[in-house]
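Presented below is the structure to which this report refers.
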Amino acid sequence: MPVTPFHLGPAMAIKGACPTWFSVGVFTLVQVAIDVETVWNILAGSYPIHGPLHTLPGGLLMALAAIAPGRWGASRLYAAIRRRWPGAPLGDVSWKAAIGGGLIGGVSHVLLDALIHDDVKPFAPWSAGNPLFVSGSFVWVHVACAVVGGAGLLIWWGRVSGQEAGSCGE
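As structure tokens, this is what we get:
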């Protein structure tokens, strides 16, 4: 399923563990941008539906292209949310968080899709195969992403509620 929310599961776990090093907003932009390729191919009736953006080089290029506009857009969105709900725990996105969210977004998207879709070629152009594909993994990968996301959301919420401080070695 293109533009799946399940990719956000690992994002929430990372945000819970390293809140100042990771932007969920930039991560999400990279996820959607990569899956534009998939949606386009589905609508065009093209196969494979996962193409160059679903390779590690393609995912990283999309991440690099999305970091600056993602940082700008997420910061503007969060400012609008804070105007509506002044207590919202959403600050401006730092460059550190934008880079973390973007790069992790590009790599994780490719790796997660490679587990469940045999037409993803994560190591192209160096390899035409998909050694990461696990037949029958579609459901368990999605369940794992949902569970990890729920746990990450609880950890992040605990941090922003003042119950826990710190962030990835800080």
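So for the sequence shown, the working numbering puts the first residue at 1195; every next one is plus one.
For each residue, glycine too, the CB sits at the ideal point set by N, CA and C.
Candidates the options, of which the one nearest residue i by Cα
i, options, result
"proline 1316", "Gly1300, Ser1329, Arg1353 and Val1342", "Gly1300"
"leucine 1258", "Ser1331, Ala1292 and Ser1240", "Ala1292"
"valine 1337", "Ala1273, Ala1211 and Leu1306", "Leu1306"
"glycine 1346", "Trp1334, Ala1308 and Cys1212", "Cys1212"
"arginine 1270", "Pro1280, Gly1285 and Trp1279", "Gly1285"
"glycine 1253", "Glu1231, Ser1217, Ser1355 and Gly1267", "Glu1231"
"glycine 1330", "Gly1323, Ile1208, Trp1320 and His1311", "His1311"
"leucine 1326", "Leu1297, Gly1295, His1248 and Val1354", "His1248"
"arginine 1246", "Gly1356, Arg1353, Trp1320 and Val1335", "Looking at the sequence provided, one finds proline at residue 1246 rather than arginine. The option with the nearest alpha carbon to proline 1246 is Trp1320."
"isoleucine 1228", "Gly1296, Val1342, Ala1205 and Tyr1272", "Gly1296"
"histidine 1244", "Ala1207, Gly1323 and Ala1205", "Gly1323"
"proline 1199", "Ala1340, Ala1318, Ile1208 and Pro1242", "Ala1340"
Residue i, enclosing alpha helix (DSSP H) - first and last residue
i, result
"glycine 1272", "Note on residue identity: the sequence assigns tyrosine, not glycine, to residue 1272. Its alpha helix (DSSP H) spans residues 1250 to 1278."
"valine 1204", "According to the sequence provided, residue 1204 is proline. The question's valine does not apply to it. Per DSSP, proline 1204 belongs to the alpha helix (DSSP H) from 1202 to 1211."
"leucine 1306", "1289 to 1310"
"histidine 1336", "1332 to 1354"
"leucine 1223", "1218 to 1238"
Residue i burial status per 10 Å Cβ neighbour count (16 or more: buried)
i, result
"glycine 1203", "buried"
"arginine 1265", "buried"
"valine 1314", "buried"
"serine 1240", "exposed"
"tryptophan 1350", "buried"
"lysine 1290", "exposed"
"leucine 1348", "exposed"
"tryptophan 1215", "buried"
"alanine 1308", "buried"
"alanine 1359", "Residue placement at alanine 1359 is poorly supported in this model, since its pLDDT is 49, which falls under 50; the coordinates still yield a value, given next. Result: exposed."
"alanine 1260", "buried"
"phenylalanine 1332", "exposed"
"threonine 1273", "The question names threonine, but residue 1273 in the sequence shown is alanine. So alanine 1273 ends up on the exposed side."
Chain C contact for residue i (CB, 8 Å cutoff)
i, result
"proline 1325", "Any reference to chain C falls outside this structure, which holds one protein chain only."
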